[in-house]
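Protein chains in written order, with our numbering: chain L, 215 to 535; chain Y, 215 to 535.
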């Protein structure tokens, strides 16, 4: 047993830390559903608009089997499950924001999962989680990403093996304009939350986050990082910058940087690729996409501008606390 | 020797058809550079604006080696080369359009290339090609994609083996609003161009194109397909629809559909993934990205609308000629 793995059902864990033994899936589910509700309520109060709530069930037949086109998506990776996607578009604070809960299971894992963990091959598995991406309208407010997930792989019947399970999660910020005090405050909050789990937990999880949210094809971090975390801090990401005035210039920069967000999520993000490869629900997976995005050839902000400062000062791995 | 492979240095070939024997790389290069020039000239005359021409050389040190971040990009996949990226943004006809020539070589192929062809492991290789993506401003004009590429893998010294080489190429259309006569005309032109290579060539290359340009995670084709082709037809894709009036409604639909284009290119396109994995030049690879893109949750056009017709009638594999 690993100290970081299941001190409580809401304990958090490096996704690399794996545990075996009994585990109460339904208690985890109840906690996750409550977490989603709590965040939806808090954001509705902030924004003044209501989320659209879209419950979904996984179809029993994979899309690829209905179509004769192309090579099939890995099947039958998923055998059942469903979720609740909560989405807000066109809000005063949130131009597009989604919080999804999902709980799916299957008889066989896609290659993206078993490549790193061959011991999972052949196991029946269950995954559940809450995932959040908020794209604020105001370019001075960062995009926020957060997720908590729980995974359990049951042993092959009669093998006498134990279930393998773990929690994973992360939280990070992607600013379009940087503010020293906001970055420090965010990382301080993360560090404080992780203190009970040992002095090395925050630096270790921060480094892992810096490594993960990195666009290899651009040699560039996605944002200012964050951590893999314990418990949810209040979503105060918007308070300080909400009244900050902006115009076309800032919106245009935001749209270009949102392009990087798209590139990361579609090219490198393991959660997205796992979902798309395993025949997950596309609209729920891609609720992370920003609302309005631009690409321009070889764009470089004017030297000395606030846009250039984002790249030179904020989008570099940095010790914030 | 395969009849479809090297009847001439500008002959075209199914990328699956592989040939061995001597080959004149420099003649292929000359032809490709001329092809790019010819298309740039034709499009400048159509658009009334000039392309920006950006010659580039591959840096000898991979990005990943300059940075301590993250796992390294496969290295040293590329050892040299360069290209010429021609890009036009904000034109009257083309909101964003690029035509790239590149010629790169390396000592080791990335896994995306050797997975399907294990006989290439360990070989020194050279790849060159011209790639074109045109995103017109007018939503009634389709996005056009075209590429021709040439690949040669040299034998390991002293092995006595022959070089392995092939041509590949393709051309396809992605309309935002469908026109029966345009689709039929486009496919007729493709079929006529391929007639000299046998009666089964067009249907075979069309089917392959339909299969390839398919968004598995949406169960949806990217466009109306096309073929893997022989010689370049004049770029008349815009002539018929250039004066077609449009407003916010059509621009908004175009932006949503461009999101699908992004999803295909970043999640499924082998050329893009090969480029990004092998440390290729990101700005040249991603010149295929559309200029303005939108994502909206679970968007469905009104039944009976022209937008709904695109999905039900045009974005289904269909016999156009």
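A virtual CB, placed ideally from N, CA and C, is assigned to each residue, including glycine.
- Taking 9 Å as the CB threshold, residue 508(L) lines the interface with chain Y.
- Checking the DSSP bridge columns, you'll see residue 313(Y) partnered with 300(Y), 346(Y).
- By the Cβ neighbour-count rule, residue 431(Y) is buried, with 16 or more other Cβ atoms within 10 Å of its own.
- DSSP lists 435(Y) as the beta-bridge partner residues of residue 428(Y).
- Beta-carbon to beta-carbon, residue 308(Y) and residue 261(Y) are separated by about 5 Å, close enough to satisfy the 8 Å threshold.
- Short of 6 Å from the beta carbon of residue 464(L), and not among the five residues preceding or following it, lie these beta carbons of its own chain, in chain order: 353.
- Along the stretch 402-421 of chain Y, none of the residues has a CB nearer than 9 Å to a CB of chain L.
- The residue from 495(L), 506(L), 507(L), 519(L) with its alpha-carbon nearest to that of residue 299(L) is 495(L).
- Three or more beta-carbon pairs separated by less than 8 Å are not found between the stretch 465-485 of chain L and the stretch 364-379 of chain L, which leaves the two stretches without contact.
- Look at the stretch 478-492 of chain L: the residues with a C-beta under 7 Å from a C-beta of chain Y are 480, 481, 490.
- Per DSSP, reduced to three states, the secondary structure at residue 352(Y) is coil, with no helix or strand assignment.
- At least one CB of chain L lies nearer than 9 Å to the CB of residue 476(Y).
- By DSSP's assignment, residue 414(L) forms no beta bridge with any residue.
- The distance from the Cβ of residue 295(Y) to that of residue 322(Y) is about 14 Å, inconsistent with a contact at the 8 Å cut-off.
- In this chain, residue 359(Y) is not harboured by any alpha helix (DSSP H); it is covered by the beta strand (DSSP E) spanning 357-368.
- The three-state secondary structure of residue 487(L), taken from DSSP, is helix.
- Taking C-alpha positions only, residue 358(Y) is separated from residue 319(Y) by approximately 27 Å.
- Not a single CB atom of chain L sits nearer than 9 Å to the CB of residue 313(Y).
- Secondary structure note for residue 269(Y): it is in no alpha helix (DSSP H), and the uninterrupted beta strand (DSSP E) holding it is 266-271.
- Residue 246(Y) carries a helical assignment under DSSP once its states are collapsed to helix, strand and coil.
- For residue 386(Y), DSSP records a beta bridge to 359(Y), 440(Y).
- Distance between residue 269(Y) and residue 297(Y), taken at the CA atoms: about 6 Å.
- Sorting 395(Y), 340(Y), 487(Y) by C-alpha distance to the C-alpha of residue 379(Y) places 340(Y) at the top.
- The contact set of residue 496(Y) on chain L, defined by CB atoms closer than 8 Å, consists of 431, 432 in chain order.
- A direct Cα-Cα distance of roughly 23 Å separates residue 401(Y) from residue 312(Y).
- Around the Cβ of residue 236(Y), a 10 Å sphere holds fewer than 16 other Cβ atoms; the residue is exposed.
- If you look at residue 508(L), you'll find it isn't in any alpha helix (DSSP H); it sits in the beta strand (DSSP E) that goes 506-508.
- For residue 301(Y), the C-beta contacts it makes with chain L under 9 Å involve 511, 512, in order along the chain.
- Beta bridge pairing from DSSP links residue 381(L) with 364(L).
- The beta carbon of residue 505(Y) falls within 9 Å of a beta carbon belonging to chain L, placing the residue at that interface.
- From the beta-carbon of residue 500(Y), the residues of chain L found nearer than 8 Å are 477, 509.
- Nearest CB-CB separation between residue 386(Y) and chain L: not below the 9 Å threshold.
- In the DSSP assignment, residue 319(Y) forms a beta bridge with 294(Y), 340(Y).
- In its chain, beyond the 5 residues on either side, 416, 535 have a beta carbon closer than 7 Å to the beta carbon of residue 405(L).
- Taken through DSSP and simplified to helix, strand or coil, residue 529(Y) comes out as coil.
- Judged by DSSP in its simplified three-state form, residue 308(L) adopts strand.
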